[in-house]
Amino acid sequence: MTHHHDASILFDDFIPGESLGSCELEYDEALVQGWQRIFGRNQGRTGGKAEAASAAVILMMRAYLAVVSPRPPGNIQARQSIEYASLPQPGQSLLVALDCQSKEMKRGRRYVELLAQGSHSDGSPVFKGVLTLVWAA
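FYI, the numbering for the sequence shown is 1 to 137, going by the working numbering.
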């Protein structure tokens, strides 16, 4: 992907099959506490399945915001899907890699599909997610 650092990433900059980059993120205590503030501690113990699944989605979104930047204002997230190979545990760091999976013009709107793949430091997979976005420019 080629773009100028001061300019937003545009629809034309996305190349299907091309890597957008990756970042390492931690499933940290703040994320655990945030989840418990929303859902309460009695949703099962810390590090329970629902919490870990939610944490993976949050890490996927954080990676997107960190890697695919700067973005034009006005993008809309149309949908997201996520499949789990395993669940992250509190205290673990995940490497999240983002690729452009596809892009198309549909009814005058620019759709971009991004593939987000989370893995442990040893390379074993944690999740695979797809973000479908309506790109503003």
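Each residue gets a CB set at the ideal place from its N, CA and C atoms; glycine is no exception.
None of the values given here were measured: they were computed from a predicted structure.
Cβ-Cβ distance between residue i and residue j below 8 Å
i: Ile-76; j: Leu-10; result: no
i: Val-67; j: Cys-100; result: no
i: Leu-94; j: Leu-20; result: no
i: Lys-128; j: Glu-113; result: no
i: Pro-90; j: Val-32; result: yes
i: Pro-88; j: Ala-136; result: no
Segment limits, alpha helix (DSSP H) that includes residue i
i: Gly-34; result: 29-39
i: Arg-62; result: 49-67
Between the CA atoms of residue j and residue i - distance to the nearest angstrom
i: Gly-17; j: Pro-70; result: 20 Å
i: Tyr-64; j: Ala-116; result: 8 Å
i: Lys-49; j: Ser-86; result: 10 Å
i: Ser-81; j: Met-60; result: 11 Å
i: Ser-124; j: Tyr-27; result: 16 Å
i: Gly-34; j: Arg-62; result: 14 Å
i: Ala-97; j: Val-130; result: 12 Å
i: Glu-29; j: Gln-92; result: 10 Å
Assigned exposure category for residue i - 16 Cβ within 10 Å defines buried
i: Glu-51; result: buried
i: Ala-55; result: buried
i: Gly-118; result: buried
i: Asp-13; result: buried
Range of the contiguous beta strand (DSSP E) that encloses residue i
i: Glu-113; result: 109-119
i: Glu-24; result: 19-26
i: Arg-79; result: 76-84
i: Ser-8; result: Here Ser-8 belongs to no beta strand (DSSP E), and DSSP marks it neither H nor E.
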